[in-house]
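For reference, the structure discussed in these notes is given below.
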Amino acid sequence: MKKTFSLYAPNFQENNLPLPLFLEKVVAGFPSPANDFIEQKLDLNELIIKHPASTFFVKVEGNSMVNANIQTGDILVVDRSISASNGKIIVAIINGEFTVKRLFINEKTMQLLPENDNYPVIEITDQDEFQVWGVVTYVIHKT
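Residues in the sequence shown are numbered consecutively from 1, following the numbering used here.
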């Protein structure tokens, strides 16, 4: 049985919701009560989508990338306009199956590397139908 793979396009309606952005940094140590709070507005579309015409979202299923902090239920922001290069995390289709993996390229081989030791490395050969769909630029993860 094949897994389903859902792609989502960004929604750039006029009624976007800019959210408050406090310019004061969040201190992980002892906070300073003397700091004033400066607020601006932050549009998440502007922050995470640099190339709207070539960007899509995809929901993660599986745990082959957990060591890269990509887990089931996460939303990946994927940009098709960025060239896939060595070390980038990509969304690709190989032999009819979508996957998210780290790309490894050298003069001899191309591989898709999982970020979980329980999964095998995928060696890309001339016999494989392989296409990069885009480079992962952000991971939206619920804590």
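Yeah, the Cβ is synthetic: ideal placement off N, Cα and C, and Gly gets one too.
The shortest CA-to-CA distance from Glu129 to any of Leu76, Thr99, Glu115, Asn118 is the one to Thr99.
Assignment of beta-bridge partners to Asp43 by DSSP yields no partner. The alpha-carbon of Ile122 is positioned some 10 Å away from that of Leu103. Ile48 has its alpha-carbon roughly 31 Å from the corresponding atom of Asn118.
Between Ile124 and Asp43, the alpha-carbon positions lie close to 39 Å from each other. Between the C-alpha atoms of Asn67 and Gly73 there is a straight-line separation of about 15 Å.
A distance below 7 Å separates the beta carbons of Ile82 and Val135.
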